[in-house]
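Asker: Just so we're aligned, residue 2 is where the sequence shown starts under the numbering used here, counting upward by one. Attaching a single structure in structure tokens format; questions to follow.
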Amino acid sequence: MQRFGDAVQLPGCTHKLGYLQTSTGNTALDSLLGGSLPNTALCVVDELLTRCYGTVLLRYFASEGAHNGHDLLICGPEARELLQNLPTRIQSTDEGKSLPNSGPKEEDLKIAWRYQTLQEKSSNLGQTKLRYDLGNNLEEPTRFGSKIDVLENDSYETLLGALMERLKSSDYNKNEKSPKKRLLRIVIRGLGSPLWTDHKFLPRFLCELRLACRNAYAVVMCTIDTTSFQEALTHRIETLADALFRLKPIEEKERKALGIGDKAHGYFQIIQLPRITSAAPFKPESVDLTFELHRKSFDITVIHLPPAFGDDSTTKESIPAGKFTCSSGLSAF
Numbered sequence: 002m003q004r005f006g007d008a009v010q011l012p013g014c015t016h017k018l019g020y021l022q023t024s025t026g027n028t029a030l031d032s033l034l035g036g037s038l039p040n041t042a043l044c045v046v047d048e049l050l051t052r053c054y055g056t057v058l059l060r061y062f063a064s065e066g067a068h069n070g071h072d073l074l075i076c077g078p079e080a081r082e083l084l085q086n087l088p089t090r091i092q093s094t095d096e097g098k099s100l101p102n103s104g105p106k107e108e109d110l111k112i113a114w115r116y117q118t119l120q121e122k123s124s125n126l127g128q129t130k131l132r133y134d135l136g137n138n139l140e141e142p143t144r145f146g147s148k149i150d151v152l153e154n155d156s157y158e159t160l161l162g163a164l165m166e167r168l169k170s171s172d173y174n175k176n177e178k179s180p181k182k183r184l185l186r187i188v189i190r191g192l193g194s195p196l197w198t199d200h201k202f203l204p205r206f207l208c209e210l211r212l213a214c215r216n217a218y219a220v221v222m223c224t225i226d227t228t229s230f231q232e233a234l235t236h237r238i239e240t241l242a243d244a245l246f247r248l249k250p251i252e253e254k255e256r257k258a259l260g261i262g263d264k265a266h267g268y269f270q271i272i273q274l275p276r277i278t279s280a281a282p283f284k285p286e287s288v289d290l291t292f293e294l295h296r297k298s299f300d301i302t303v304i305h306l307p308p309a310f311g312d313d314s315t316t317k318e319s320i321p322a323g324k325f326t327c328s329s330g331l332s333a334f
């Protein structure tokens, strides 16, 4: 039975509404979750057609655990490659300068004097001093006290057995007495890929893993590509996940019509948000989001549409029906 209001104190974790939470390592993703990821949560990143962007979020997630002394269990046929590319943590030199307020200026007053007292708004989410540098890999991830194991299984059933055995350990199980509890971060890359041998076992794997985590100090993040899945299977995975984000490429016609530019690599869609600590999920300020992968960072930004000039028929022809709306990503709410 799941327990609410855990009083246990774990490094790298905070308490919200009496419930243990921890960071995903990416401050923009944390802001969409309402601050951090609840303990026992299963977070799924559905990356359509590509494989390079979702893996970056796994790197953030694993590196955050390594820096806080959390135990890591990196799973999947390509798990070892992920472990070798964890980013290092850095401190921003622009601390306290994310939202500057320079005061009234004469040239600004000519534009709109009534807005001079307002702070500048940034399109980027999660503007904090804590960052990770994707360009520098972490050396010796275990030096912060983490226990790191790699399970290169290609069978869901075999992997599930190993994970269930680990979650029953007194270090993580809530029902077992232990002098010092630890947080386990489970990282799984490439669910649903052809490298797995028992594809029909995937829904059961996610269901049983989620139930097992409810009685443990553990959080899970995994990537998947549902492009080739049947609609019923995709919907089932969306239901099983506590949090699900979909990374969708931007078509060239949409890019030109919306005036997004070349920086955005795709849409960042919110399909599901956790309801573990409350009856309703957190509601972000905006759900019209794109993501950008840079050499040192993965950024999630709010889409600001430019003014509509010229022939409206051109815009309508460029954007297929149903491709982009102001309510996209809110279907789960």
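C-beta: ideal position from N, C-alpha, C; glycine also. The structure displayed is predicted, hence computed values, not measured ones.
List the residues that DSSP assigns as beta-bridge partners of Ala-219.
Answerer: In the sequence shown, the residue the question calls residue 219 occupies position 218. Bridge partners of Ala-219: Leu-185.
Asker: Assuming contact is defined by CB atoms lying nearer than 9 Å, are Arg-296 and Ile-272 in contact in what I supplied?
Answerer: Working through the sequence shown from its first residue, we reach residue 296 at position 295. Working through the sequence shown from its first residue, we reach residue 272 at position 271. Not closer than 9 Å, so no.
Asker: When the Cα of Ala-242 is compared with those of Phe-145, Glu-140 and Arg-205, which residue comes out closest?
Answerer: Here the question's residue 242 lines up with position 241 in the sequence shown. When only C-alpha atoms are compared, the closest one is Arg-205.
Asker: Can we say the region 67–82 touches the region 148–155, given the rule of at least three CB pairs closer than 8 Å?
Answerer: Contact holds: three or more Cβ-Cβ distances are below 8 Å.
Asker: By the three-class DSSP mapping on this structure, what secondary structure does Gly-267 have?
Answerer: To locate residue 267, count along the sequence shown from 1; it is residue 266. Note: Gly-267 maps to strand in three-state DSSP.
Asker: Looking at C-beta atoms only, is the number of pairs between the region 228–241 and the region 251–260 that lie closer than 8 Å three or more?
Answerer: Judged by Cβ distances under 8 Å, the region 228–241 makes no contact with the region 251–260, as fewer than three pairs qualify.
Asker: Tell me whether Pro-195 is buried or exposed, calling it buried when 16 or more other Cβ atoms sit within 10 Å of its Cβ.
Answerer: Within the sequence shown, numbered from 1, the residue matching residue 195 stands at position 194. Result: exposed.
Asker: Between Asp-31 and Thr-227, is the Cβ-Cβ spacing less than 9 Å?
Answerer: Position 30 of the sequence shown, counted from the first residue, corresponds to residue 31. Position 226 of the sequence shown, counted from the first residue, corresponds to residue 227. For Asp-31 and Thr-227, no; Cβs fall outside 9 Å.
Asker: Which class does Arg-52 belong to by DSSP, given the choice of helix, strand or coil?
Answerer: In the sequence shown, the residue the question calls residue 52 occupies position 51. Three-state DSSP puts Arg-52 in coil, outside helix and strand.
Asker: Just how far apart, CA to CA, sit Leu-100 and Thr-198?
Answerer: Stepping through the sequence shown from its first residue, residue 100 is reached at position 99. Stepping through the sequence shown from its first residue, residue 198 is reached at position 197. In this prediction, Leu-100 has a pLDDT of 39, which is less than 50 and means its spatial position is unreliable; nothing more can be read from the coordinates.
Asker: Assign Gln-22 to one of two classes, buried (16 or more other C-beta atoms within 10 Å of its C-beta) or exposed (fewer than that).
Answerer: The residue given as residue 22 occupies position 21 in the sequence shown. By the 10 Å Cβ count, Gln-22 comes out buried.
Asker: Tell me the rounded alpha-carbon separation between Leu-58 and Asn-27.
Answerer: As a first step, residue 58 is located in the sequence shown; it is residue number 57 there, counting from the start. As a first step, residue 27 is located in the sequence shown; it is residue number 26 there, counting from the start. The straight-line gap from Cα to Cα measures roughly 7 Å.
Asker: Which one of Val-220, Glu-293 and Lys-169 has the shortest CA to CA distance from Gly-55?
Answerer: Taking the sequence shown and counting its residues from 1, one reaches residue 55 at position 54. Closest option to Gly-55, Cα to Cα, is Glu-293.
Asker: Can you tell me whether Lys-257 is helix, strand or coil according to DSSP?
Answerer: Start at 1 with the first residue of the sequence shown, and residue 257 comes out as number 256. In this structure, Lys-257 counts as helix in the three-state DSSP scheme.
Asker: Short check: CB of Ala-217 to CB of Arg-186, under 9 Å?
Answerer: The residue you call residue 217 lines up with position 216 of the sequence shown. The residue you call residue 186 lines up with position 185 of the sequence shown. Against a cut-off of 9 Å, the Cβ pair of Arg-186 and Ala-217 comes out as no contact.
Asker: Find out if the Cβ-Cβ distance for the pair Leu-160, Ala-213 is shorter than 9 Å.
Answerer: Indexing the sequence shown from 1 puts residue 160 at position 159. Indexing the sequence shown from 1 puts residue 213 at position 212. No; because the gap between Cβ atoms is not below 9 Å, this pair is not in contact.
Asker: Please look up how many angstroms separate the CB atoms of Arg-276 and Thr-41, rounded, as I've assumed it's under 8 Å.
Answerer: On the sequence shown, residue 276 is found 275 positions in, with the first residue counted as 1. On the sequence shown, residue 41 is found 40 positions in, with the first residue counted as 1. That belief does not hold up - the Cβ atoms of Arg-276 and Thr-41 are roughly 12 Å apart, past 8 Å.
Asker: Going by C-alpha to C-alpha distance, which of Ile-251, Ile-304 and Leu-184 sits closest to His-266?
Answerer: In the sequence shown, residue 266 corresponds to position 265, counting from 1. Per the Cα distances, Ile-251.
Asker: Cβ of Thr-15 within 9 Å of Cβ of Gly-35?
Answerer: Within the sequence shown, residue 15 is the residue found at index 14, counting from 1. Within the sequence shown, residue 35 is the residue found at index 34, counting from 1. Not a contact, by the Cβ cut-off of 9 Å.
Asker: With a 10 Å radius around its C-beta and 16 neighbouring C-beta atoms as the bar for buried, classify Glu-177 as buried or exposed.
Answerer: For the purposes of this step, residue 177 is taken as the residue at position 176 of the sequence shown. With fewer than 16 other Cβ atoms within 10 Å, it is exposed.
Asker: Lys-182 to His-305, Cα distance in whole Å?
Answerer: For the purposes of this step, residue 182 is taken as the residue at position 181 of the sequence shown. For the purposes of this step, residue 305 is taken as the residue at position 304 of the sequence shown. Cα to Cα, Lys-182 sits roughly 45 Å from His-305.
Asker: Within a Cβ cutoff of 6 Å, which residues of the same chain sit near Ile-91, ignoring the five residues on either side of it in sequence?
Answerer: On the sequence shown, residue 91 is found 90 positions in, with the first residue counted as 1. Here the set comprises Arg-132 and Asp-134.
Asker: If you drop the 5 nearest sequence neighbours on each side, which residues of the same chain put their C-beta closer than 6 Å to that of Ser-156?
Answerer: As a working mapping, residue 156 is identified with position 155 in the sequence shown. Cβ neighbours of Ser-156 beyond the five flanking positions: Thr-198 and Asp-199.
Asker: Mapping DSSP to helix, strand and coil, what is Tyr-157?
Answerer: Numbered from 1 along the sequence shown, position 156 holds the residue referred to as residue 157. DSSP places Tyr-157 in helix when its eight states are reduced to three.
Asker: Buried or exposed: Cys-223, going by 16 or more other Cβ atoms within 10 Å of its Cβ?
Answerer: Numbered from 1 along the sequence shown, position 222 holds the residue referred to as residue 223. It counts as buried.
Asker: Got a sec, what are the start and stop residues for the alpha helix (DSSP H) Pro-285 sits in?
Answerer: Taking the sequence shown and counting its residues from 1, one reaches residue 285 at position 284. Note, Pro-285: premise wrong, no alpha helix (DSSP H); not H, not E.
Asker: If we ignore side chains and look at the alpha-carbon of each, how far apart do Leu-168 and Ser-24 end up?
Answerer: Here residue 168 refers to the residue found at position 167 when the sequence shown is read from its first residue. Here residue 24 refers to the residue found at position 23 when the sequence shown is read from its first residue. Those two C-alpha atoms are separated by around 20 Å.
Asker: Rounded to a whole number of angstroms, what is the C-alpha to C-alpha distance between Tyr-20 and Gly-66?
Answerer: By one-based count along the sequence shown, residue 20 stands at place 19. By one-based count along the sequence shown, residue 66 stands at place 65. Distance between the alpha carbons of Tyr-20 and Gly-66 is about 18 Å.
Asker: Could you check how far apart the C-beta atoms of Arg-211 and Leu-43 are, in whole angstroms? I think they sit under 8 Å.
Answerer: Along the sequence shown, one-based indexing puts residue 211 at 210. Along the sequence shown, one-based indexing puts residue 43 at 42. Going by Cβ atoms, the distance from Arg-211 to Leu-43 rounds to 5 Å, so yes, they are a contact pair.
Asker: Can you tell me which residues form a DSSP beta bridge with His-16?
Answerer: Position 15 of the sequence shown, counted from the start, is the residue given in the question as residue 16. Paired residue(s): Leu-21.
Asker: So Gln-270 packs on Lys-249, CB below 8 Å; how close in whole Å?
Answerer: Position 269 of the sequence shown, counted from the first residue, corresponds to residue 270. Position 248 of the sequence shown, counted from the first residue, corresponds to residue 249. Right, their Cβ atoms sit about 6 Å apart.
Asker: For Leu-294, name the three-state secondary structure that DSSP assigns.
Answerer: Numbered from 1 along the sequence shown, position 293 holds the residue referred to as residue 294. Reduced to three states, the DSSP call for Leu-294 is strand.
Asker: Below 8 Å on the Cβ atoms is my guess for Leu-11 versus Leu-290; work out the distance and round it to an integer in Å.
Answerer: Taking the sequence shown and counting its residues from 1, one reaches residue 11 at position 10. Taking the sequence shown and counting its residues from 1, one reaches residue 290 at position 289. Contact doesn't hold; Cβ gap of about 30 Å is too wide.
Asker: Using the rule of at least 16 other Cβ atoms within 10 Å of the residue's Cβ for burial, across every protein chain shown, is Ser-64 buried or exposed?
Answerer: Taking the first residue of the sequence shown as 1, we reach residue 64 at position 63. Result: buried.
Asker: Can you give me the C-alpha to C-alpha distance between Leu-139 and Glu-79, rounded to a whole angstrom?
Answerer: Your numbering for residue 139 matches position 138 in the sequence shown. Your numbering for residue 79 matches position 78 in the sequence shown. Their Cα atoms are separated by approximately 18 Å.
Asker: Below 6 Å CB to CB, which residues in the same chain sit around Ile-301 once its five sequence neighbours on both sides are set aside?
Answerer: For the purposes of this step, residue 301 is taken as the residue at position 300 of the sequence shown. Ala-29, Leu-126, Phe-269, Leu-290 and Phe-292.
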